[in-house]
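Here's the structure, in structure tokens; my notes come after.
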Amino acid sequence: MTKKSIHYLFVLLFVAFSVQAQEKVTVYDTYDEFAKNVLIEDENVYVINFWATWCAPCIKELPYFEKLNSENKNVKVILVSLDSKKDLDKKLIPFIEKRKLKSKVLLLADKDYNTWLSKVDTDWSGAIPATLLLNGKKKQFAERDFENFEELNEYINSFINLK
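Mapping of the sequence shown onto mature numbering (1 follows the signal peptide of the UniProt record, and there is no 0): residues -21 to -1, 1 to 142, in sequence order.
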């Protein structure tokens, strides 16, 4: 193989890896677009965690959501990053890959928080981490971080068992 062929192969592999990594993250530019596609009222229980790569408490609790995703088949975990869209390739995707996140990751790039925070929950100050639970028309919101997996799992299960 020539030096030029090796270089070409390296570039091709890099591009293929980058495309695969980007497919891991769906980007929503507006809250309305996000709500229409993600906040679905059906029979599933959705655990929607709002977080960012720059938020230490968010990062601390991500393993609990990952464990919930792999162990509790009664829920669908969705990790909604509030990072900047410009940080998608340089920060968010490498973060996901380094931590080997298996949960569905979305990027909500709508920075006009004042127009949509109250649509998620009327009392949300905008602090993260924050978690929204959905099941049909039933909804519960927590503007807090969870100390461990057991606490998160208990919180989720109490929501599921509400009548």
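Cβ coordinates follow ideal geometry from the N, Cα and C atoms, glycine included.
| Residue range of the alpha helix (DSSP H) that includes Leu47 | Mapped onto the sequence shown, residue 47 falls at position 68. Taken as a continuous stretch (DSSP letters only), the alpha helix (DSSP H) holding Leu47 covers Ala35 to Glu50.
| query | Around the C-beta of Glu129, are 16 or more other C-beta atoms found within 10 angstroms, so that it is buried, or is it exposed? | reply | Residue 129 sits at position 150 when you count from the first residue of the sequence shown. Flag for Glu129 reads exposed.
| task | Measure the Cβ-Cβ separation of Val6 and Ala106 and say whether it is below 8 Å. | result | Here residue 6 refers to the residue found at position 27 of the sequence shown. Here residue 106 refers to the residue found at position 127 of the sequence shown. Result no, Cβ atoms of Val6 and Ala106 do not sit closer than 8 Å.
| task | Could you work out which residue in Leu112, Glu76 and Glu45 is closest to Asn23 when comparing CA atoms only? | result | What you label residue 23 is simply residue 44 of the sequence shown in a count that begins at 1. Closest by alpha carbon: Leu112.
| task | Could you tell me how far apart the beta carbons of Thr101 and Asn28 are, in whole angstroms, since I believe they sit closer than 8 Å? | result | Within the sequence shown, the letter at position 122 stands for residue 101. Within the sequence shown, the letter at position 49 stands for residue 28. The pair is not a contact, with the Cβ atoms about 19 Å apart (cut-off 8 Å).
| Residues in its own chain within less than 8 Å of Phe44 by CB, not counting five upstream and five downstream? | By 1-based counting over the sequence shown, the position of residue 44 is 65. So the qualifying residues of the chain are Val26, Asn28, Val56, Leu58, Ser82 and Leu131.
| task | Flag this pair as yes or no: are the beta carbons of Ala14 and Lys98 separated by less than 8 Å? | result | Here residue 14 corresponds to residue number 35 of the sequence shown, with the count starting at 1. Here residue 98 corresponds to residue number 119 of the sequence shown, with the count starting at 1. Taking 8 Å as the Cβ cut-off, Ala14 and Lys98 qualify as a contacting pair.
| request: Could you check if Ile75 is buried or exposed, using at least 16 other CB atoms within 10 Å of its CB as the buried criterion? | output: Translated into positions along the sequence shown, residue 75 becomes position 96. By the Cβ-count criterion, Ile75 is buried, with 16 or more other Cβ atoms from all chains shown falling within 10 Å of its own Cβ.
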